[in-house]
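Protein sequences appear in the order of chains A and B.
Just so you know, my numbering puts 288 at position 288 of the first sequence, and the rest follows in order with no gaps.
Just so you know, my numbering puts 371 at position 49 of the second sequence, and the rest follows in order with no gaps.
Reviewing the structure listed below.
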Amino acid sequence: MSHQKDSNNFLPDHNHDGIDRRGFLKCMAWAGTGALCVLEGGVLKSYALNDPSGLKKAAKGDFSFVQISDSHMGFNKAANPDVAETLKVAIQKINALPAAPEFILHTGDITHLSKPAEFDTVDQILKSAPTKDLFFVPGEHDVLEDNGQQYLERYGKSTKGAGWYSFDHKGAHFIALVNVMNLKSGGMGSLGAEQLDWLKNDVSHLSKSAPVVVFAHMPLWSIYPEWGWGTDDSAQALSYLKRFGSVTVLNGHIHQTMQKVEGNITFHTATSTAFPQPHPGAAASPGPMKVPAEQLRALLGVTDVNYVRKHHSLALIDSTLE
Amino acid sequence: MRKSRWILGIATTSMMLAFAAFPTIQKPVSAGPPSAEVKIDNFSFTPQAITVKTGTQITWTNGDDIPHTVVSDDQSFKSKVLDTDEKFVFTAVKPGTYSYFCSIHPKMTGKLVVE
Numbered sequence: 001m002s003h004q005k006d007s008n009n010f011l012p013d014h015n016h017d018g019i020d021r022r023g024f025l026k027c028m029a030w031a032g033t034g035a036l037c038v039l040e041g042g043v044l045k046s047y048a049l050n051d052p053s054g055l056k057k058a059a060k061g062d063f064s065f066v067q068i069s070d071s072h073m074g075f076n077k078a079a080n081p082d083v084a085e086t087l088k089v090a091i092q093k094i095n096a097l098p099a100a101p102e103f104i105l106h107t108g109d110i111t112h113l114s115k116p117a118e119f120d121t122v123d124q125i126l127k128s129a130p131t132k133d134l135f136f137v138p139g140e141h142d143v144l145e146d147n148g149q150q151y152l153e154r155y156g157k158s159t160k161g162a163g164w165y166s167f168d169h170k171g172a173h174f175i176a177l178v179n180v181m182n183l184k185s186g187g188m189g190s191l192g193a194e195q196l197d198w199l200k201n202d203v204s205h206l207s208k209s210a211p212v213v214v215f216a217h218m219p220l221w222s223i224y225p226e227w228g229w230g231t232d233d234s235a236q237a238l239s240y241l242k243r244f245g246s247v248t249v250l251n252g253h254i255h256q257t258m259q260k261v262e263g264n265i266t267f268h269t270a271t272s273t274a275f276p277q278p279h280p281g282a283a284a285s286p287g288p289m290k291v292p293a294e295q296l297r298a299l300l301g302v303t304d305v306n307y308v309r310k311h312h313s314l315a316l317i318d319s320t321l322e
Numbered sequence: 323m324r325k326s327r328w329i330l331g332i333a334t335t336s337m338m339l340a341f342a343a344f345p346t347i348q349k350p351v352s353a354g355p356p357s358a359e360v361k362i363d364n365f366s367f368t369p370q371a372i373t374v375k376t377g378t379q380i381t382w383t384n385g386d387d388i389p390h391t392v393v394s395d396d397q398s399f400k401s402k403v404l405d406t407d408e409k410f411v412f413t414a415v416k417p418g419t420y421s422y423f424c425s426i427h428p429k430m431t432g433k434l435v436v437e
């Protein structure tokens, strides 16, 4: 990253990575190839995982954390009959990282059917993780039947409303949002007025130079409204984040890696540890994609995020379970 | 054993009668109330809109690998979470037009008209 770009850090780099300001970058871990994504001062660059210079760059940082998502514990259909095993492999992958992450974010759909035994199994598997600092947001599969009461009892004791909260870590501000409650007929994800008010207030005291990381289950950008892959009132939430130099949004839900840069905001969705879903519109429905067993682990994965304080940058590396 | 087979035979015959009565739901036979089926496949309700007579028993069956629900916008009917192959049965009592959706995947919508 050159000094010139640092001084102009709200604009994406048009010259080298082909990212258009309003553009849509797919930075895919589709066939197990993987992608490395480096965000520096709001500018995102992507490299193939087999690009040594890119990997070298991402390896530097003040701290790193890992995002896992959509473990769907309890799912047992053909797309993956053993989601416990693939979650275990994901944890092994995290344990094998050169530097232990300081914490792990789980961006929801911890379970498939919100059953107590499913939550228990995930908790048990996560005990093998290299850190005890785990942060969660619920997916729609975690709040079935009881309007999220069980989820809140397990993970949301010190949270607000349906489970939203924020915390600071080494100069970065992390915001956990819940967009899977009170979904309206015909709609997509929803944050709701109460949470939006809280968000506005939560970021009001922050310096505009503070790097902000937002994580929520459903995408906070409209990836494919036909399948409900978006959040109805996300524009309102994002308007509160416009003044910040660097905002990263981490989501799950769509079981595949996608990225987009819009102004100061980089959006990223993570793979599932359980089963892949099709590309937007590539199938009759967003249901689980059945792939040959030997290909499955190439389509599941974890996201390793490296934060470089000096440059206010986040480097995202998606790796598959292979 | 022989008696239970005999009962099973009666039950099967009744079901067949009920099935035969399906196209003319306004003339229920003694075997049971008129019935209608809605399939849930590929994140959609089929048929998307259905019109039935009062007293019809409607069965939704989830054929997807992902759980769904059947919830009317006015909350006059609401299924529990339906995992794969699970069913929700609702008997239409009050005439009216009911829009409904899957509360987990709200893009999935359907319409039930009770005459």
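Ideal placement from N, C-alpha and C gives every residue a C-beta, glycine not left out.
So, using beta-carbon positions, are residue i and residue j closer together than 9 Å?
i: A/Ile287; j: A/Gln277; result: One detail in the question is off: residue 287 of chain A reads as Gly in this sequence, not Ile. Cβ distance < 9 Å, so A/Gly287 and A/Gln277 count as in contact.
i: B/Pro417; j: B/Asp405; result: no
i: A/Ser239; j: A/Gly189; result: no
i: A/Asp82; j: A/Phe119; result: no
i: B/Ser401; j: B/Val392; result: yes
i: B/Val435; j: B/Ala371; result: yes
i: B/Thr431; j: B/Phe367; result: yes
i: A/Gly139; j: A/Gly187; result: no
i: A/Ile110; j: A/Gln67; result: no
i: A/Leu87; j: A/Ala283; result: no
i: A/Val137; j: A/Leu177; result: yes
i: A/Gln259; j: A/Leu314; result: no
i: A/Asp70; j: A/Ser272; result: yes
i: A/His173; j: A/Phe65; result: no
i: B/Thr381; j: B/Val360; result: yes
Return the bridge partner residues of residue i from the DSSP annotation.
i: A/Met258; result: A/Thr269
i: B/His390; result: B/Leu404
i: A/Ser64; result: A/Asn306
i: B/Gln379; result: B/Ser357 and B/Thr413
i: A/His106; result: A/Ile68 and A/Phe136
i: A/Thr320; result: A/Gly301
i: A/Val180; result: A/Ser190
Taking Cβ positions only, does residue i come closer than 9 Å to chain B?
i: A/Glu118; result: no
i: A/Leu321; result: no
i: A/Lys77; result: yes
i: A/Trp198; result: no
i: A/Ala90; result: no
i: A/Gly281; result: no
i: A/His141; result: yes
i: A/Gly187; result: yes
i: A/Leu299; result: no
i: A/Pro81; result: no
Is the shortest distance between the beta-carbon of residue i and the beta-carbons of chain A less than 9 Å?
i: B/Phe365; result: yes
i: B/Pro389; result: yes
i: B/Thr368; result: no
i: B/Lys402; result: yes
i: B/Ser425; result: yes
i: B/Pro417; result: no
i: B/Pro428; result: yes
i: B/Thr383; result: no
i: B/Thr303; result: With chain B covering only 323 through 437, there is no way to say anything about residue 303 of chain B.
i: B/Ser357; result: no
i: B/Lys398; result: Checking the sequence, you will find Ser at residue 398 of chain B rather than Lys. Judged by the 9 Å Cβ criterion, B/Ser398 is not in contact with chain A.
i: B/Thr431; result: yes
i: B/Tyr422; result: yes
i: B/Thr373; result: no
i: B/Thr406; result: yes
For residue i, which residues from the same chain have a beta carbon less than 7 Å from its beta carbon, with the 5 sequence-adjacent residues on both sides left out?
i: B/Ile426; result: Pro389, His390 and Thr391
i: B/Thr346; result: For B/Thr346, the predicted structure reports a pLDDT of 47, less than 50, and the residue's modelled location is therefore unreliable. A value from the coordinates is still provided. Counting only Cβ-Cβ distances below 7 Å, and skipping sequence neighbours, we find nothing.
i: A/Ile254; result: Pro219, Ile223, Trp229, Thr269 and Gln277
i: A/Ala78; result: Lys290
i: A/Thr131; result: Ala100, Pro101, Glu102, Phe103 and Ile104
With a threshold of 8 Å on Cβ separation, who are the neighbours of residue i within its own chain once the five nearest residues in sequence on each side are excluded?
i: A/Asn179; result: Gly189, Ser190, Leu191, Ala216, His217, Met218, Leu220, Thr231 and Ser234
i: A/Lys127; result: none
i: B/Asn364; result: Asp386
i: A/Leu183; result: Glu140, Gly189 and Ser190
By Cβ distance below 6 Å, which residues in the same chain neighbour residue i in space, the five residues on each side in sequence not counted?
i: A/Gln236; result: Leu196
i: A/Gly32; result: A caution first: A/Gly32 carries a pLDDT of 27, below 50, which makes its placement in the model too unreliable to give a value.
Practice task
Tell me, please, whether the region 247-255 of chain A touches the region 206-213 of chain A by the rule of three or more beta-carbon pairs shorter than 8 Å.
Solution key: yes
Practice task
Mind the definition here: the region 191-209 of chain A touches the region 256-266 of chain A only if three or more C-beta pairs lie below 8 Å; say whether that holds.
Solution key: no
Problem - Cβ contact check for the region 82-102 of chain A and the region 292-307 of chain A: 3 or more pairs under 8 Å - result: yes
Exercise for the section: Determine contact between the region 144-161 of chain A and the region 221-231 of chain A, defined as no fewer than three beta-carbon pairs at a distance below 8 Å. Expected result: no
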